[in-house]
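Working notes, structure below.
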Amino acid sequence: MTHFDVAGAAVEAALAAGARYADARVMHRRSESMSARNGEIEDLSQAEDAGVGVRALVGSSWGFFALPDLGRDAARRAGERATAIARASATVPAPAVDLVEVEARTDSWASVCEVDPLGVALSTKGDLLTGATAEAHKGGADIAEGIYQIWDTRKWFVSSQGHRIDQHIREAGAGISATVIGDGETQRRSYPSYRGQYGTRGWELVDELDLTAHAARIADEARALLTAPRCPSGETTLILGSEQMALQIHESVGHAIELDRILGWEAAFAGTSWLDLAKLNQLRYGSELMNITIDPTIPGALGSFGYDDEGTPAAPRHAVKDGIWVGTLAGRDSAAVAGLDYAGSVRSDGWARLPMVRMTNVGLTPGPHSLEEMIASTADGVLMDFNRSWSIDDKRLNFQFGCEIGWEIKDGRLGRMLRNPTYTGIGPRFWGSMDMLGSELTAWGTPNCGKGQPGQIGHTGHPAAAARFQNVRVGVRG
């Protein structure tokens, strides 16, 4: 049997058992990660699994069942069980759930990959991490850590509406950090971000990071932070670098525009959203410089794919246009409930998990300014970058974020380095104060976005640029 045959058998069995719609995903996943500390390998992890997951719709209720068995009998059993679970969940009368129309396609898609990351010798990968962490340790880091992570995922999707789609998505990335310990004070600097940089690319992405070349610098900056003055408290002009902007987008926009949150479907665990569907296409989310797109078509970005896990083709659209909220991250069922005509943002982290609304690549479009122009036009303020901590309420409205490093700005020039910089705000008020936006975007990758019960880890992308905000409260304590 081919993988399409397995998925097809599961769908046929679900329909025969009484489902009015069914789809199945066969997935084969391989992953690898390695970590090092102070020039020594700490851990190597390699994993591989395969299975089939089936969704069945009965009335208004979904059922899901998965098995780590790619035989025909197992596939049919999974389809039958998914339908039985859906029927058992449909005991309370409710209107039948519609699904937004999607063209049923037969297609194949693969992410761009120049160097197969799983084909690179372990010794080469190990030498990279041990060399970079040894350099940071020699440069003054008490703890120098490095990591790479690789995922190789193949999917075969079949639906009762006629979809037959296979995809091959390869993802890779890496990063290093330097931690120094002082008298009652610990400081960390990371490169290229606090979790590394990741994308739907091959090992060429890791090579381009050139980790070792940045190891001594981050160790030196971490040690300098030990004696740097503390970030002052008060309201001021704030400039955020692009890495911290990616976190800002992820937490205060990306999660807030997830339609299942807005509808209250995730309230028990992940939370809800401050957004009200009645205000779609009317609500001012931020200043006119704020343009946020949902775009899973960006080559190499971590949230990119050809089709989501419902067979909806990847397509770009605006979430915020000229500061006005105009779009959501949606699935075929949630979009129909909300009266929208688009979906395309449903994924799961494996064959054994129910697909749900997830971020794809959610990020800014470029603005007209450079970072140098922002600094030069700021009389008094603070520049912060590289995320260190985050806290936000379950409506994704009130937030407090901390960064690894900051610099004071006086009379249009960068001044002293500042330690423990933090800032706080309320989403629309904060975004409304953005008066300058950078023209140079970086598509940052976030490989650790958690959501759902049971929990799932999503891979998301966030194109971001430096930006300036007015009257922001900084130096928040506690």
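Per our numbering, the sequence shown starts with residue 2, numbered consecutively.
Glycine is no exception: its CB is placed at the ideal position from the N, C-alpha and C atoms.
Source: prediction; values computed, not measured.
| Asked | Found |
| --- | --- |
| Cα-Cα separation, P367 to L239 | 18 Å |
| Residues near L284 in its chain [Cβ-Cβ closer than 6 Å; skip 5 each side] | W326 |
| Unbroken alpha helix (DSSP H) run spanning L260, endpoints | L260 to I263 |
| Local Cβ density within 10 Å of M2, reported as buried at 16 or more and exposed below that | exposed |
| Reduced DSSP secondary structure (H/G/I, E/B, other) of D44 | strand |
| T329 - DSSP class collapsed to helix/strand/coil | coil |
| Beta-carbon proximity of G304 to M375, cut-off 8 Å | no |
| Length at least 3, wholly inside the segment 111 to 167: the beta strand (DSSP E) runs in chain order | 144 to 160 |
| Rounded separation between A95 and E289 - CA only | 42 Å |
| Backbone secondary structure at W391 - three-state DSSP | strand |
| Straight-line Cα distance separating R165 from A87 | 23 Å |
| Where the alpha helix (DSSP H) through H319 begins and ends | Not the alpha helix (DSSP H): H319 falls in the beta strand (DSSP E), residues R318 to K322. |
| Stretch pair the segment 464 to 475 + the segment 340 to 358: three plus CB contacts closer than 8 Å | no |
| Which listed residue (A216, I299, A220 and T125) has its alpha carbon closest to that of T443 | I299 |
| Cβ pair L119, D153 closer than 8 Å | yes |
| Opening and closing residue of the beta strand (DSSP E) in which L68 lies | S62 to L68 |
| Span of the alpha helix (DSSP H), counted from its first residue to its last, around F431 | G428 to G433 |
| CA-to-CA distance, D261 to G456, given in whole angstroms | 15 Å |
| Which listed residue (A15, W157 and L100) has its alpha carbon closest to that of S61 | L100 |
| Reduced DSSP category for R224 - H, G, I as helix; E, B as strand; rest coil | helix |
| R224 versus R417 - alpha carbon distance | 14 Å |
| CB-CB length for A51 against P69, believed under 8 Å | 7 Å |
| Reference E33, options A85, V113, R171 and G80, closest by Cα | R171 |
| Whole-angstrom distance between R106 and D310, CA atom to CA atom | 13 Å |
| Member of V55, G141, A137 and S36 whose CA lies at the smallest distance from the CA of S124 | S36 |
| Buried or exposed by the 16-neighbour rule on C-beta atoms within 10 Å, applied to E115 | exposed |
| Neighbour-count burial assignment, P429, 16 or more Cβ in a 10 Å radius | buried |
| Burial state of P297 (16 or more Cβ within 10 Å) | buried |
| For A339 and G307, the rounded distance between their alpha carbons | 25 Å |
| Test item: CB-CB of A20 and R77 under 8 Å | no |
| Inter-residue Cα distance where the pair is A217 and A271 | 39 Å |
| Beta strand (DSSP E) segment containing L419, residue limits | R414 to L419 |
| Beta-carbon proximity list for A49, same chain, < 6 Å, skipping 5 on both sides | As written in the sequence, residue 49 is Glu, which differs from the Ala given in the question. Closer than 6 Å at the Cβ level, and outside the excluded window around E49, lie R31. |
| Coil, strand or helix - R478 by DSSP | coil |
| For E209, three-class secondary structure by DSSP | helix |
| Nonlocal neighbours in the same chain, by C-beta distance under 6 Å from V27, ignoring five residues either side | H4, V7, A8, V53 and W157 |
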